[in-house]
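Below is one structure, written out as structure tokens; the observations come after it.
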Amino acid sequence: MSTRIVTFANASFMPILDNWLACMARLGLAELATVVALDEATFAAMRARGVNALFRPPLSFRRGDFWLHRIDVIAEMLVAGDDIVHSDADAVWLRDPLARLTATSADLVFTQGTVFPSETLQRRGFVVCCGLMFIRSNAGAIEFWRNVRDVAVDVRDDQWAVNKVIDQSDCVWTLTDRYEAPCFDTVFHASRFIITGSMKDLAIEVLPHHEFPRLMELGENPFVAHPLADSPIDDKIDVLSESGLWFVDRPPRAVDRPDGGARSRAVARRVTIFSNWRAGRGKADAPR
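Residue numbers (the working numbering): 93 to 380.
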């Protein structure tokens, strides 16, 4: 049994992927990293560069279909016997987090999200995030992941499905030194220590937000930083750059920006993400 660090990307995401791979190389983790290539161009580019890659094109790039595809590919690896660290490519690895993620008896290790899904936030005060997580290849965790897949067929979102399955399983949480983290016009609960959960025969850990921040202003010497950003590649690059998280040459912008300021545009996009979510316009763009 081995541990794979897995990320997903297509050709349009290549600049973000290049930045992520640069972090893997700097931390000496490149041999453990696998890129799930969603198109032929990305697969060919990874093979040419000697990067471990799997070619797994989705049937559709619609957001809900992609989440299901990602669940299925991770399930394939778990069943094959690999423990999986899944990382979004815009989750920037600054320090080696593997000991925090994998050197534990927990079956599932998550980082914290912010406010999505809202019903989970209201119920338990915090949400778990799928942008950086560890899933152990054992019977209980694989069954959990199958349940996530079943729920995701209806809700069309992996993070929503993960939180829903946990909620439905009457997980018992232990959260010490609780504090409130402001996020837009609400708050979520966090801790300076690992949050633990017990669910049937599964043990869950949620890593401290300040070490794995989604809100950069709350980060303290983070292991992995995953700042909130909207979906367009230019917006993600803006946010990563202004947060000091861009380590490769910056590509030309796909779309010229008329407002003349990356910071003002990125901040405006964060407000737009939240406003759309509050108005119920598309859970795919919810701040996660």
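Even glycine gets a Cβ: it sits at the ideal position worked out from N, Cα and C.
Cβ-Cβ distances below 6 Å link Leu-160 to Ala-244 in the same chain, with the five nearest sequence neighbours on each side left out; the list follows chain order.
Secondary structure remark: continuous beta strand (DSSP E) runs of at least 3 residues inside the region 291 to 323, in chain order: 294 to 298.
As computed with DSSP, Gln-204 is found in a beta bridge with Val-220. Of all C-beta pairs linking the region 93 to 112 to the region 121 to 134, three or more are shorter than 8 Å, placing the two stretches in contact. Residue pairing by DSSP places Pro-274 opposite Val-279 in a beta bridge. Around the beta carbon of Gly-120, a 10 Å sphere encloses fewer than 16 other beta carbons of the protein chains shown; the residue is thus reported as exposed.
Nearest C-alpha to Thr-126 among Asn-144, Ala-282 and Arg-118: Asn-144. Taking a C-beta distance under 7 Å as the contact criterion, Ser-283 and Arg-270 qualify as a contact pair. In the DSSP assignment, Arg-96 falls within the beta strand (DSSP E) that extends over 95 to 101. The beta carbon of Ile-97 sits closer than 6 Å to the beta carbons of Leu-124, Ala-125 and Val-177 from its chain, once the five residues preceding and following it are set aside; these are given in chain order. Judged by beta-carbon spacing, Leu-294 lies within the 7 Å limit of Gly-232, meaning their Cβ atoms are closer than that value. Between the alpha carbons of Glu-235 and Thr-95 lies a distance of about 19 Å.
Ala-195: not part of any beta strand (DSSP E); DSSP gives it neither H nor E.
Excluding sequence positions up to five before and after Trp-185, its CB lies within less than 8 Å of the CB of Trp-112, Cys-115, Met-116, Leu-119, Leu-121, Ser-179, Phe-315 and Val-316, all in the same chain and listed in chain order. Under the three-state reduction of DSSP output, Asp-175 falls in the strand class. Residue burial is scored here from C-beta neighbours: Glu-309 has fewer than 16 other C-beta atoms within 10 angstroms and is therefore classed as exposed. For Val-127, the enclosing beta strand (DSSP E) covers residues 125 to 129. Sequence-distant Cβ neighbours of Ser-197 in its own chain, meaning closer than 7 Å and more than five residues away, are Ala-295.
Between Asp-188 and Arg-228, the C-beta gap is not smaller than 7 Å, which leaves the two residues out of contact.
Under the three-state reduction of DSSP, Gly-120 is assigned to coil, being neither helix nor strand. With a contact defined as Cβ atoms closer than 8 Å, Val-247 and Lys-256 qualify at about 7 Å. The C-alpha of Phe-100 lies about 7 Å from the C-alpha of Ala-181.
Our two residues, Arg-345 and Phe-339, have alpha carbons roughly 16 Å apart in a direct line. Counted as a single uninterrupted DSSP element, the beta strand (DSSP E) harbouring Thr-266 occupies residues 264 to 266. Excluding its 5 nearest sequence neighbours in each direction, Glu-272 has C-beta neighbours in its own chain below 7 Å: Val-279 and His-281, listed in chain order.
With fewer than 16 other Cβ atoms from the protein chains shown falling within 10 Å of its own Cβ, Arg-141 counts as exposed. When the beta-carbon positions are compared, Thr-194 and Cys-221 stay at least 7 Å from each other. Partner residues in the beta bridge of Val-184, as assigned by DSSP, are Ala-317.
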